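Step one of this worksheet: look at the structure below.
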Amino acid sequence: MSLDLSTAPSRGPRTHHRAAPPRATSRWRRQLTRFDIKASPYLYVLPFFLLFAVFGLYPMVYTAWIALTDRSPLNMTINFIGADNFVELWHDHQFWTAVQNTLGIFVLSTVPQLLLALLLANALNRKMRGLGFFRMAIAIPIITSTAVVGLVFGFVFARDFGLVNWLLEQVGINKIDWRANRLPAWGAISAMVDWRWTGYNALIYLAAMQSIPRDMYEAAAIDGASRRRQFWTITIPLLRPTIIFTVIISTIGGLQLFAEPLMFDNSPRALSGGTQQQFQTVTMYLVQTMNERLRYGYAGAIALALFVLIVIISLINYALIRRISSDK
Amino acid sequence: MRVTMRGRPLVALTATTIAVLGMAACGGNDDDSGGSSSNEPITLTVDIFGDQGFGYESLYEEYKKTHPNITIQERGKGLGLGDYNTRLTQQITAGGAGAGDIVALEEGTITQFYAQADKFVDLAKYGANDLKNNFLPWKWEQGAPPALKGKVLGLGTDVGGMALCYRRDLFQQAGLPTDREAVGQLWPTWEKFIETGKTFASKVKDKKFVDSATNFYNVVLMQYAGAGTGYTYYDKDNNLVLDSNPDVKKAFDLTTQMIAAGLSNNLASFSDEWNAGFKNGTFATIACPAWMTGVIKGQAGDAAAGKWDIAKAPGEGGNWGGSFLAVPTSSKHPKEAAELVKFLTSPQGQIAAFKALGNLPSSPQALQDPAVSGATNDYFNNAPVGQIFAAGATSLKPVYLGPKNQAVRSEVENALRSVEQGNADPAKAWADAVAKGTAAGK
Amino acid sequence: MTAVTMGTPQATTDRKVPTGASGAAGRLWRASPLTVLALVLATILSFFPFYWMIVIASRTSDTANQWPPAFVPGGRLGENIQRVLSNDNANIVKGLMNSLIAAGTITFTTVLLGSLAGFAFAKLRFRGKNVLLLVILATMMVPVQLGVLPLYILMAKLGWLNDIKSIIVPFLVSGFGIFMMRQYASQAVPDELIEAARVDGCSTLRIYWHVVVPALRPAAAVLGLLTFMEQWNQFFWPFVVLADQNNPTVQISLKLLNQAYFTDLSQVFAGTLVATVPLFVLFVLFARQIIGGIMEGAVKA
Chain A
1 MSLDLSTAPS
11 RGPRTHHRAA
21 PPRATSRWRR
31 QLTRFDIKAS
41 PYLYVLPFFL
51 LFAVFGLYPM
61 VYTAWIALTD
71 RSPLNMTINF
81 IGADNFVELW
91 HDHQFWTAVQ
101 NTLGIFVLST
111 VPQLLLALLL
121 ANALNRKMRG
131 LGFFRMAIAI
141 PIITSTAVVG
151 LVFGFVFARD
161 FGLVNWLLEQ
171 VGINKIDWRA
181 NRLPAWGAIS
191 AMVDWRWTGY
201 NALIYLAAMQ
211 SIPRDMYEAA
221 AIDGASRRRQ
231 FWTITIPLLR
241 PTIIFTVIIS
251 TIGGLQLFAE
261 PLMFDNSPRA
271 LSGGTQQQFQ
281 TVTMYLVQTM
291 NERLRYGYAG
301 AIALALFVLI
311 VIISLINYAL
321 IRRISSDK
Chain B
1001 MRVTMRGRPL
1011 VALTATTIAV
1021 LGMAACGGND
1031 DDSGGSSSNE
1041 PITLTVDIFG
1051 DQGFGYESLY
1061 EEYKKTHPNI
1071 TIQERGKGLG
1081 LGDYNTRLTQ
1091 QITAGGAGAG
1101 DIVALEEGTI
1111 TQFYAQADKF
1121 VDLAKYGAND
1131 LKNNFLPWKW
1141 EQGAPPALKG
1151 KVLGLGTDVG
1161 GMALCYRRDL
1171 FQQAGLPTDR
1181 EAVGQLWPTW
1191 EKFIETGKTF
1201 ASKVKDKKFV
1211 DSATNFYNVV
1221 LMQYAGAGTG
1231 YTYYDKDNNL
1241 VLDSNPDVKK
1251 AFDLTTQMIA
1261 AGLSNNLASF
1271 SDEWNAGFKN
1281 GTFATIACPA
1291 WMTGVIKGQA
1301 GDAAAGKWDI
1311 AKAPGEGGNW
1321 GGSFLAVPTS
1331 SKHPKEAAEL
1341 VKFLTSPQGQ
1351 IAAFKALGNL
1361 PSSPQALQDP
1371 AVSGATNDYF
1381 NNAPVGQIFA
1391 AGATSLKPVY
1401 LGPKNQAVRS
1411 EVENALRSVE
1421 QGNADPAKAW
1431 ADAVAKGTAA
1441 GK
Chain C
2001 MTAVTMGTPQ
2011 ATTDRKVPTG
2021 ASGAAGRLWR
2031 ASPLTVLALV
2041 LATILSFFPF
2051 YWMIVIASRT
2061 SDTANQWPPA
2071 FVPGGRLGEN
2081 IQRVLSNDNA
2091 NIVKGLMNSL
2101 IAAGTITFTT
2111 VLLGSLAGFA
2121 FAKLRFRGKN
2131 VLLLVILATM
2141 MVPVQLGVLP
2151 LYILMAKLGW
2161 LNDIKSIIVP
2171 FLVSGFGIFM
2181 MRQYASQAVP
2191 DELIEAARVD
2201 GCSTLRIYWH
2211 VVVPALRPAA
2221 AVLGLLTFME
2231 QWNQFFWPFV
2241 VLADQNNPTV
2251 QISLKLLNQA
2261 YFTDLSQVFA
2271 GTLVATVPLF
2281 VLFVLFARQI
2291 IGGIMEGAVK
2301 A
């Protein structure tokens, strides 16, 4: 809409009468400007694709190719087996259980996480005593190391001596064996995920909220709009690109969830995600297939299936978010 | 060698290059094994794992005295076996790039490398066969399995001789004997062990007899398999026999009986809660390979010193764990590396490692050495650890472990844990174990 | 923009009561007691693990498994930290340096290249833009675990094993950074400003520097923070390529702190504490950007 200059550099006359001042060197400068407008975007995105071509593409093609083979470090040879891995995967009960777990934990953790992050960011986007402190406090879980998260939550959700079970006992509820049952395990893992990532998303929202001009809120307030109303009619619509960003990123990250359930288990059999796969995610199954069962080919098939799953869920979420935001 | 030379002066690098080129020119026919065959300085990298390493520090010093041109660099002390083995698998699969000149292979994972034996140097070429009598026969065979047709993949370091550790104070509370001889006589068999556990459970209500079902199961399985078929989940032709090997089912059933008797503390071994169990003294016994004594001492802490003791394990001996040293073909100095392997795994080398860390030797000569057989452990009420563990190691019969032993074992352990958790009855758990174990061994 | 006009008429009474000197505009940005309470609660939750870390790091190693748990720091912090620093197996000082170099470099380039590319995707027109953006998104959706082996072989061929290059170069620019900057720039940088700059004869790079960069500052600080933390916490890839223990990253060092068959928790936590201090300093530096920006805004309002 606004960038006439860059729409069609080839349509010469329209461009240069605006861009170039009439000077002796104008011809040269005009050409330079044209080159700048034409080439700059490509130059700016080039580094990513260059690095990707060298370091990213080969591993990715490898993953796709290996899914069609029976590759394993235990086999001397590599045999092309077509879609066999995918056929096996389609009938693999363990895979579908892992998909269920992944989706379950994803919904249980992401929805409250993003809502909470929005509310926190909104709360932090105002004036109060100790504001700087609060902002830092909310974001500080980002700098904890995984060892600390694992240990602290191991302590919080321990069966025999855990903090939560102790609290439950005080109010007369029986202890829960968090790792033995599916829903408690999902809940506990979601709590871990949310603890680590809510502040992270709040920070992203906060940065975006700061770019919303204040006078918009002030004008709305003068018109008598309540804070809640301002939040829904100004903040949310203007944050739309950022919300889309966090939803897509959370989808990608949430469906590849790995570290938290692994830490939650903290036994040598952690990749199994519980004795009966109560909380094994797809990525855990992928790594188990690769590193324990040493079936690289089959792991490749799992990786591709997970990719397809992520694409589908991302598209659904994208459609949903667009709808919600534009309704307001 | 590029790898290990990083950060050294250019001179050293050049010297190494010359050394390498020089060796290549000689065609490797230099068979003189006494002392150092070449005086050019080289660096040998030794990859090991384990929280305390392998206890080789003094041996390196000694070796350098006779081989002044060799620098030894050890890597991996502090690493868990899981991380170590995942990296090693990557390195070996990538043709050995980045792997050490010498790598340690653990008993449960060496089986995986039988299939990649072509990526390892045949130690027989460097005279390893002459040393066969330096090792317990079953240990030798694990490093040079018949399937490799005479190739020697690795030489044994230590074994995980088996005993049973118990809490004297809890035994006293239950009215059981506390003297280690008398305790050992309580359980000539595992069935008797469970009977003892029932007596214990009837007297002591707030503690359990056994730490976890999985530790118990693994020990019983290795014993049964040693006395029976000689293999566990895979037969000696690497066919998965999880559902047909009677030894596996027997060990599984015995474990579910133990659980049904209410003896297990229901802790996942090597988890934080298991660690807390030592601290809080919530169980009375634990199946105890030699290296487990270190775990108990560390986890239970000084407060429990003298409360623990060690008795003979039920049944006939047993083994859990132990390692090998091997040389990947990617090593630029296979000959020198092989010489160092022979030195580290010699009876003298194993005695030194025992003195340093208590790793039980796999060499009969070393096991008979007074430094080993006469050793006691003051944390465990001065138990004669040398005698107890050596007895377990020498009476053991070999057990063959298949290529994906670890992966299958995990699934069987999961099934047993699901019984402990009350999520499955023994019949369903066995069905789960077979189904998932079969998938894991595929 | 339509949002602004949606105010309800009956609320006009509200603005007839100006309180104090700050008036309606000031009140608008003041937090309610409930908000403050929620924030205090969130703060406690956020800080608990750090507090816990100090408790364990300052006691003997069996404290973590003790029941009832210890809630007060002990007196062995200095001793435990001393043990960490002198543990030559872990090489934590070298690990800290390496991680600082690697994470710092990657953070710098990720923010720079991410904002350049994000700006291009959000505000410039070029052929194939949408397709390229989709490609970037798609690359983030492919699970990377299996790629470790081919990438490892590649590093071996380049001769980068045990070289810090191997943990830097492949990660210099991230799809995440580009996507984040693109979304943020499309919201925060007004088209009019760019157009005006064009009319003034600014080159694209000048527009980036004088128009886009100032607007992206808070988001760039967030991206920088997130990138640094992510790189700092990397374990598996550095562990695989940097097998030489004399040249670790901080996470490898922390892993190597285990000194016995059991985990020496007080030392691990003391090590984690040592490794957290640089993070905390950086966090404060980055956070000032984010916090500073809004403070200006608040004062102006």
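Protein chains in written order, with the numbering used here: chain A, 1 to 328; chain B, 1001 to 1442; chain C, 2001 to 2301.
Even glycine gets a Cβ: it sits at the ideal position worked out from N, Cα and C.
Please read all numbers here as calculations on a predicted model, not as lab measurements.
Quick check: residue i and residue j, are their CB atoms within less than 7 Å of each other?
i: A2102/C; j: I2167/C; result: yes
i: Y2152/C; j: A1094/B; result: yes
i: P189/A; j: I105/A; result: Per the sequence presented here, residue 189/A reads as Ile, with Pro not at that position. In contact: I189/A and I105/A (Cβ atoms closer than 7 Å).
i: A2270/C; j: N2087/C; result: no
i: V1152/B; j: A1174/B; result: no
i: T2110/C; j: T2227/C; result: yes
i: F1209/B; j: A1284/B; result: yes
i: T2276/C; j: G2095/C; result: no
i: Y1234/B; j: K1250/B; result: no
i: L1357/B; j: Q1052/B; result: yes
Which term fits residue i, buried or exposed, when burial requires 16 or more other beta carbons within 10 angstroms of its beta carbon?
i: T1376/B; result: exposed
i: T1016/B; result: In this predicted model, T1016/B has a pLDDT of only 36, less than 50, meaning its place in the structure is not dependable; the value taken from the coordinates is given anyway. Result: buried.
i: A1064/B; result: In the sequence as presented, Ala is not what sits at residue 1064/B; that position holds Lys. By the 10 Å Cβ count, K1064/B comes out exposed.
i: L2154/C; result: buried
i: I333/A; result: Because residue 333/A is not part of the residues shown, which for chain A are 1 to 328, the question remains open.
i: F2047/C; result: exposed
i: S2099/C; result: buried
i: M76/A; result: exposed
i: A39/A; result: exposed
i: V2281/C; result: exposed
i: H1067/B; result: buried
i: W2209/C; result: exposed
So with CB distances below 9 Å, who are the chain D contacts of residue i?
i: K2255/C; result: Among the protein chains of the structure shown, namely A, B and C, there is no chain D.
Tell me residue i's beta-bridge partners as DSSP assigns them.
i: S979/B; result: Outside the displayed range of chain B (1001 to 1442) lies residue 979/B, so it cannot be described from this structure.
i: Q1116/B; result: The partner list for Q1116/B (beta bridge, DSSP) is empty, contrary to what the question assumes.
i: F1283/B; result: K1208/B
i: I1072/B; result: L1044/B
i: Y285/A; result: Y285/A pairs with nothing; no bridge assigned.
Identify which residue in the options has its Cα closest to the Cα of residue i.
i: G1096/B; options: K1428/B, A1290/B, I1048/B and S1330/B; result: S1330/B
i: H1333/B; options: I1048/B, I1072/B and G1050/B; result: I1072/B
i: V1159/B; options: A1268/B, P1068/B and I1351/B; result: I1351/B
i: I1070/B; options: D1118/B, K1077/B and E1061/B; result: E1061/B
i: D1169/B; options: A1338/B, G1358/B and K1207/B; result: K1207/B
i: P141/A; options: L2124/C, T2107/C and F2283/C; result: F2283/C
i: M1162/B; options: L1416/B, S1363/B, W1320/B and K1342/B; result: W1320/B
i: S1418/B; options: A1260/B, A1439/B and T1282/B; result: A1260/B
i: P1041/B; options: E1336/B, N1423/B, A1440/B and A1391/B; result: E1336/B
i: D160/A; options: A1439/B, N1275/B, P1364/B and A1304/B; result: N1275/B
i: Q210/A; options: W2209/C, A2215/C, H2210/C and A2243/C; result: A2215/C
i: R179/A; options: Q277/A, G254/A and R135/A; result: Q277/A
i: D2244/C; options: A1433/B, D1101/B and D1378/B; result: D1101/B
Can residue i be considered in contact with the ligand ZN, in the sense that its beta carbon sits closer than 6 Å to one or more heavy atoms?
i: F1354/B; result: As presented, the structure is devoid of all ligands, the ligand ZN included, so that no description of it is given.
Report, in whole angstroms, the separation of the C-beta atoms of residue i and residue j, which I expect to be a contact under 8 Å.
i: A1213/B; j: T1255/B; result: 5 Å
i: R2083/C; j: Q2267/C; result: 6 Å
i: E1226/B; j: L1367/B; result: Looking at the sequence itself, residue 1226/B is Gly, so the reference to Glu does not match. Wrong, their Cβ atoms sit about 18 Å apart, outside the cutoff.
i: L1344/B; j: L1325/B; result: 6 Å
i: A181/A; j: L114/A; result: A quick correction: the sequence has Asn, not Ala, at residue 181/A. At roughly 26 Å, the Cβ-Cβ gap does not stay under 8 Å, so N181/A and L114/A are not in contact.
i: T102/A; j: L286/A; result: The pair is not a contact, with the Cβ atoms about 11 Å apart (cut-off 8 Å).
i: L108/A; j: W166/A; result: That belief does not hold up - the Cβ atoms of L108/A and W166/A are roughly 23 Å apart, past 8 Å.
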